[in-house]
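*Asks:* Once you've had a glance at the structure underneath, I'll fire off some questions.
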Amino acid sequence: MTRIATVRTELELRLVVPGGPSLPVLADLRYSADDPWAVRVAFQTGGEGDGIVEWMFARQLLTDGVSATVGEGDIRVWPAMAGGERVINLAMASPSGSALFEIDRDELVEFLQQTYLAVPTGSEEDVVDLDAELALLLED
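4 is the number of the first residue of the sequence shown in our numbering; add one for each residue after it.
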C-alpha cells in the first residue's frame with residue numbers, strides 16, 4: 004500500500020556572515036513519501052525574481068545533526084548555541100561557494116517529527132514502489 008504524504012514548512016534561517024550580523028533567509032523545507040529518505044530545502048538566492056537554489060539532504064543526516072556533529076564533504080550539520088538559543092548549524096559547500104546557516108532547533112525538530120509521522124523510520128521501503136522505479140530507470 005502506497006501512502007501519499009507531504010510535509011512542508013517555511014523557516015527563517017540565519018545566514019552567518021563572518022565579521023557581521025547574521026542575515027535572515029527564508030527556506031522552504033519539503034518532505035515527500037515519493038522520496039522518503041530525503042528532505043529538500045529551497046532558498047531564494049536574492050531579491051524577488053531571482054532564482055531558487057534547492058539542496059537535498061538525507062533525512063537521517065538532519066535528524067542525527069540535532070544531537071551530534073554529522074556529515075562530511077558538501078554538507079555538515081551540528082547542534083550549537085547562538086545568542087542563548089539552541090540552534091542547528093547547517094554548513095553547505097559547492098564549487099560556486101559555501102554558506103553556514105543557523106536553524107532554530109525546536110522548529111527543525113518539529114518539522115522532522117512530522118516527517119516521521121508521515122513515514123516512520125524503517126518503513127521507507129514500504130512507501131516506494133521499487134519495481135516501478137527500476138522500470139523507469141530501464142526505459143529507453
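C-beta: ideal position from N, C-alpha, C; glycine also. Please read these numbers as outputs of a predicted model, since none were measured by experiment.
Do you know offhand how far Ile106's Cα is from Val90's?
*Replies:* Counting from 1 along the sequence shown, the entry for residue 106 is found at position 103. Counting from 1 along the sequence shown, the entry for residue 90 is found at position 87. C-alpha separation (whole angstroms): 5 Å.
*Asks:* Just reading off the beta strand (DSSP E) that Val73 is part of, what are its end residues?
*Replies:* The residue labelled residue 73 in the question sits at position 70 within the sequence shown. Residues Val73 to Glu75.
*Asks:* Under 8 Å Cβ to Cβ from Ile55, same chain only, skipping five residues before and after it: list those, please.
*Replies:* By one-based count along the sequence shown, residue 55 stands at place 52. Excluding positions up to five away in sequence, the list reads Ala45, Phe46, Gln47 and Thr48.
*Asks:* Contact check, Leu32 vs Leu14 under 8 Å by CB: the rounded distance?
*Replies:* The count along the sequence shown starts at 1 and reaches residue 32 at position 29. The count along the sequence shown starts at 1 and reaches residue 14 at position 11. Contact flag correct, Cβ pair sits at about 6 Å.
*Asks:* Residues in its own chain within less than 7 Å of Ala102 by CB, not counting five upstream and five downstream?
*Replies:* Along the sequence shown, read from residue 1 onward, the residue named residue 102 stands at position 99. If we look at Ala102 and ignore the five residues flanking it on each side, its Cβ neighbours are Leu18 and Met95.
*Asks:* Exposed or buried, which one is Val42 when buried takes at least 16 other CB atoms within 10 Å?
*Replies:* Looking up residue 42 in the sequence shown gives position 39. Buried is the call here.
*Asks:* Return the CA-CA distance between Gly22 and Leu140, expressed in angstroms with no decimal places.
*Replies:* Position 19 of the sequence shown, counting from 1, holds the residue named residue 22. Position 137 of the sequence shown, counting from 1, holds the residue named residue 140. Each residue's Cα considered, the two are about 48 Å apart.
*Asks:* For the candidate residues Phe104, Thr9 and Trp58, whose alpha-carbon lies nearest to that of Leu26?
*Replies:* If you number the sequence shown from 1, residue 26 lands on position 23. Answer by Cα proximity: Phe104.
*Asks:* By DSSP, does Thr118 sit in helix, in strand, or in coil?
*Replies:* Walking along the sequence shown from the start, residue 118 turns up at place 115. Looking at Thr118 - three-state DSSP - the assignment turns out to be helix.
*Asks:* Would you decide whether Thr118 is buried or exposed? Buried here means 16 or more other CB atoms lie within 10 Å of its CB.
*Replies:* The residue labelled residue 118 in the question sits at position 115 within the sequence shown. That one is buried.
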